[in-house]
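Number of protein chains: 2
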Amino acid sequence: MTPAEVRARATGPTAGLAEGYAQANLIAVPADWAYDVLLFTQRNPQPCPVLDVTDAGSPRTVLAPGADLRTDLPRYRVWRDGELVEEPTDVKGHWRDDLVAFLIGCSFTFEAGLRRAGVPLRHVDQGRNVSMYVTDRQCRPAGRMRGPVVVSMRWVPTALVGTAREVTARMPAVHGAPVHVGDPSALGIADVGRPDFGDPVTPEPGDVPVFWACGVTPQAALMASGPPFAITHAPGHMFVTDVPDSAYRI
Amino acid sequence: MTPAEVRARATGPTAGLAEGYAQANLIAVPADWAYDVLLFTQRNPQPCPVLDVTDAGSPRTVLAPGADLRTDLPRYRVWRDGELVEEPTDVKGHWRDDLVAFLIGCSFTFEAGLRRAGVPLRHVDQGRNVSMYVTDRQCRPAGRMRGPVVVSMRWVPTALVGTAREVTARMPAVHGAPVHVGDPSALGIADVGRPDFGDPVTPEPGDVPVFWACGVTPQAALMASGPPFAITHAPGHMFVTDVPDSAYRI
Numbered sequence: 001m002t003p004a005e006v007r008a009r010a011t012g013p014t015a016g017l018a019e020g021y022a023q024a025n026l027i028a029v030p031a032d033w034a035y036d037v038l039l040f041t042q043r044n045p046q047p048c049p050v051l052d053v054t055d056a057g058s059p060r061t062v063l064a065p066g067a068d069l070r071t072d073l074p075r076y077r078v079w080r081d082g083e084l085v086e087e088p089t090d091v092k093g094h095w096r097d098d099l100v101a102f103l104i105g106c107s108f109t110f111e112a113g114l115r116r117a118g119v120p121l122r123h124v125d126q127g128r129n130v131s132m133y134v135t136d137r138q139c140r141p142a143g144r145m146r147g148p149v150v151v152s153m154r155w156v157p158t159a160l161v162g163t164a165r166e167v168t169a170r171m172p173a174v175h176g177a178p179v180h181v182g183d184p185s186a187l188g189i190a191d192v193g194r195p196d197f198g199d200p201v202t203p204e205p206g207d208v209p210v211f212w213a214c215g216v217t218p219q220a221a222l223m224a225s226g227p228p229f230a231i232t233h234a235p236g237h238m239f240v241t242d243v244p245d246s247a248y249r250i
Numbered sequence: 001m002t003p004a005e006v007r008a009r010a011t012g013p014t015a016g017l018a019e020g021y022a023q024a025n026l027i028a029v030p031a032d033w034a035y036d037v038l039l040f041t042q043r044n045p046q047p048c049p050v051l052d053v054t055d056a057g058s059p060r061t062v063l064a065p066g067a068d069l070r071t072d073l074p075r076y077r078v079w080r081d082g083e084l085v086e087e088p089t090d091v092k093g094h095w096r097d098d099l100v101a102f103l104i105g106c107s108f109t110f111e112a113g114l115r116r117a118g119v120p121l122r123h124v125d126q127g128r129n130v131s132m133y134v135t136d137r138q139c140r141p142a143g144r145m146r147g148p149v150v151v152s153m154r155w156v157p158t159a160l161v162g163t164a165r166e167v168t169a170r171m172p173a174v175h176g177a178p179v180h181v182g183d184p185s186a187l188g189i190a191d192v193g194r195p196d197f198g199d200p201v202t203p204e205p206g207d208v209p210v211f212w213a214c215g216v217t218p219q220a221a222l223m224a225s226g227p228p229f230a231i232t233h234a235p236g237h238m239f240v241t242d243v244p245d246s247a248y249r250i
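And the structure:
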């Protein structure tokens, strides 16, 4: 499927779809909160690498000029005062003229490169959403925005961890190199079999867990910080852009 | 000299000083303009890679915890309504409680790496400030902020242009790879012997001009956009941080 086809048709998680194109996390907040969110992303570039910021009220982005941010993600989350209130498949009825949308790099973007380098993608092969966890590491706060770092986890054969690191380190705009390899308790994760977002994924013998900073981090910050209103993507249900992943490779 | 010694003692351009430590451009604006400036930097990451943003009124930065942004640059520029009004050596008397300071990556940071790779630094060897030029390329606007891209230029022996590209591409937080090599007129530069900022630098036989995006770009945007008040560094007179340049190498 092309990016436009995924935007029009996908109903589930987008890992493995429109392979070779960058995918993005969405967080839209009222203009009154936009500076705090933008500063939060600047101060936490590994979990929150910004690919685009819209003008207030506009559902358009330079990352896909024909797309509509209100309808073209498979699933959204609507937040009031830091509480998740709804998970609709479009947000036309929720959109506001003062909303500023942030599109944040997604680790799905480096998955095509991982596969090309011979690193298997267990979650894609198993037809599951990637596993995501809230860690005990705190982001650097910015104004009213604060919260923990969220990570995604992929099972990687021990012999290929170096390769996975090399491939992803060259793509800092989509989270870059792993933040941790191995023992999940070092990140305060009690049980990798019970992710906070997404699905559990089954390892193969010899796999180790590899953790990358995750663009769900702003959603954890919404919960911690409680802006009056926000719209985000549902975890794993990303905005697929028209930008080739190579544009974010150094 | 250590970074702290440069901050305490330097009176001129900082190229070649405290080699191996990152240097930064400064732009401080009233909080009312901070969102526009931050969005401008996000939309123009090559000329405006942000290394830190202070809290309003604070002259402290995580890039050098002991430093004072009001006194520790060799020379400043004070702007009113987009006009340069003063070039003092400290700005204690100009500082305001609502100022937000942006520290933006500087290409001086990759110069140690260039030298280690065998690329000569003509401006340092000639004891001059680097040459900087306003180009005919426009930045992507953000709110009230707009303006042209400014570039720095270094003369590089033809055989070493590839090396210079490789060394700098790995440091996107300090402007990354060159934006142009060769004919200055492709950037709308009429005469490389007459830079808009800094000094003219004399080439050696076989040198070609290599252009990098420059952190003076926000100053050109101040001129074009006219916020009521701003403080910046004087071109070439940078804030020397305590952060090793290797922290910005991928």
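Protein chains in written order, with full-length UniProt numbering: chain A, 1 to 250; chain B, 1 to 250.
Beta carbons: idealized from backbone N, C-alpha and C, even for Gly.
Rounded to whole angstroms, the gap between the alpha carbons of glycine 193 of chain A and threonine 168 of chain B is 42 Å. In this structure, B/Thr217 is the residue among B/Pro120, B/Tyr21, B/Ala22 and B/Thr217 with its C-alpha nearest to the C-alpha of serine 152 of chain B. The alpha-carbon of aspartate 199 of chain B is positioned some 37 Å away from that of valine 53 of chain A. Ranked by Cα distance from alanine 213 of chain A, the options A/Leu17, A/Pro45 and A/Leu39 are led by A/Pro45. In the three-state DSSP reduction, serine 225 of chain B falls in the helix class (H, G or I).
Taking 9 Å as the CB threshold, proline 172 of chain B lines the interface with chain A. Arginine 60 of chain B and aspartate 81 of chain B have their C-alpha atoms some 25 Å from each other.
Residues of the same chain with a CB within less than 7 Å of the CB of alanine 220 of chain A, apart from the 5 flanking positions on each side, are Val134, Gly147, Pro148 and Val150 in chain order.
Near chain A, meaning a CB-to-CB distance below 9 Å, no residue of the region 8-27 of chain B qualifies. The beta carbon of isoleucine 231 of chain A does not come within 9 Å of any beta carbon belonging to chain B, so the residue lies off that interface. Secondary structure at leucine 99 of chain B: strand, using DSSP grouped into helix, strand and coil.
For glutamate 86 of chain B, the enclosing beta strand (DSSP E) stretches over residues 83-86.
Burial is judged here by how many other beta carbons sit within 10 angstroms of a residue's own beta carbon; serine 246 of chain A has fewer than 16 and is exposed. Setting aside the 5 residues that flank it on each side, methionine 145 of chain B is surrounded in the same chain by Asp36, Val37, Phe40, Ala221 and Ser225, each with a C-beta closer than 7 Å to its C-beta; the list follows chain order. In the DSSP assignment, threonine 168 of chain B falls within the unbroken alpha helix (DSSP H) covering 161-169. Non-local C-beta neighbours of alanine 177 of chain A in its own chain, meaning closer than 7 Å and more than five positions away in sequence, comprise Arg165, Thr168 and Ala169, ordered along the chain.
A residue is called buried once 16 or more other Cβ atoms fall within 10 Å of its Cβ, and glutamate 111 of chain B is buried on that count. The criterion of a C-beta distance shorter than 9 Å is not satisfied by aspartate 242 of chain A and alanine 117 of chain A.
Within chain A, no residue has its beta carbon less than 8 Å from that of isoleucine 104 of chain B; the closest one is some 11 Å off.
Contact of arginine 144 of chain B with chain A is not assigned, every C-beta pair being separated by 9 Å or more.
Interface annotation, glycine 176 of chain A: in contact with chain B, CB-CB separation under 9 Å.
For alanine 112 of chain B, the enclosing alpha helix (DSSP H) begins and ends at 111-116.
Shown here, threonine 11 of chain A sits in coil according to DSSP, grouped into three states, outside any helix or strand. DSSP places threonine 217 of chain B within a helical segment (H, G or I) once states are collapsed to three. Nearest Cα to methionine 132 of chain A within the set A/Phe211, A/Pro49, A/Asn25 and A/Leu17: A/Phe211. In the structure shown, the three-state DSSP call for leucine 17 of chain A is coil. For serine 185 of chain A, the number of other beta carbons within 10 angstroms of its own is below 16, and it is reported as exposed. Taking a Cβ-Cβ cut-off of 7 Å, the neighbours of valine 50 of chain A in chain B comprise Gln42, given in sequence order. Within its own chain, the residues whose Cβ lies closer than 6 Å to the Cβ of tryptophan 79 of chain B, once the five positions on either side in sequence are excluded, are Leu222 and Ala230, listed in chain order. Taking the CA atoms as reference points, glycine 105 of chain B sits about 43 Å from threonine 202 of chain A.
Contact with chain B is found for valine 53 of chain A, since one of that chain's Cβ atoms lies less than 9 Å from the residue's Cβ. With respect to the 9 Å criterion, asparagine 25 of chain B and glycine 143 of chain B are not classified as neighbours on the basis of their beta carbons.
With a cutoff of 9 Å on beta-carbon distance, proline 65 of chain B and threonine 14 of chain B are scored as not near each other. Shown here, aspartate 32 of chain A sits in a helix according to DSSP, grouped into three states. For valine 124 of chain B, there is no enclosing beta strand (DSSP E); the enclosing alpha helix (DSSP H) covers residues 122-125.
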